[in-house]
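For reference, the structure discussed in these notes is given below.
In this note's numbering, the protein residues as written are 23 to 111.
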């Protein structure tokens with residue numbers, strides 16, 4: 023049984039997974055993130071994926087594209103150094 027404090031909204035779980043995949047290089051710069059495909063692969067509806075993409079756009083990790091997809095942005099050496107610093111903190 024799960025504890026009351028263990029609940030995590032699907033959108034947060036999807037956001038964490040996509041963020042980790044981007045930062046770990048699993049989804050490289052220029053990779054297309056299509057709502058429908060992500061929802062199917064992650065076993066969720068499109069709504070949590072849409073919310074996750076909005077969060078990742080606000081964090082500067084992806085660039086929105088028309089309709090229902092986004093693209094992983096290119097990172098400079100400075101960006102990577104900053105990300106490493108934040109992750110090690």
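Cβ atoms here follow ideal geometry from the backbone N, Cα and C, with glycine treated the same way.
- In the pairwise beta carbon analysis, the region 93-102 is classified as touching the region 40-56: at least three pairs are separated by under 8 Å.
- The C-alpha of residue 81 lies about 25 Å from the C-alpha of residue 28.
- Distance from the CA atom of residue 33 to the CA atom of residue 104, rounded to whole angstroms, is 25 Å.
- For residue 86, the enclosing beta strand (DSSP E) stretches over residues 84-87.
- A direct Cα-Cα distance of roughly 33 Å separates residue 62 from residue 107.
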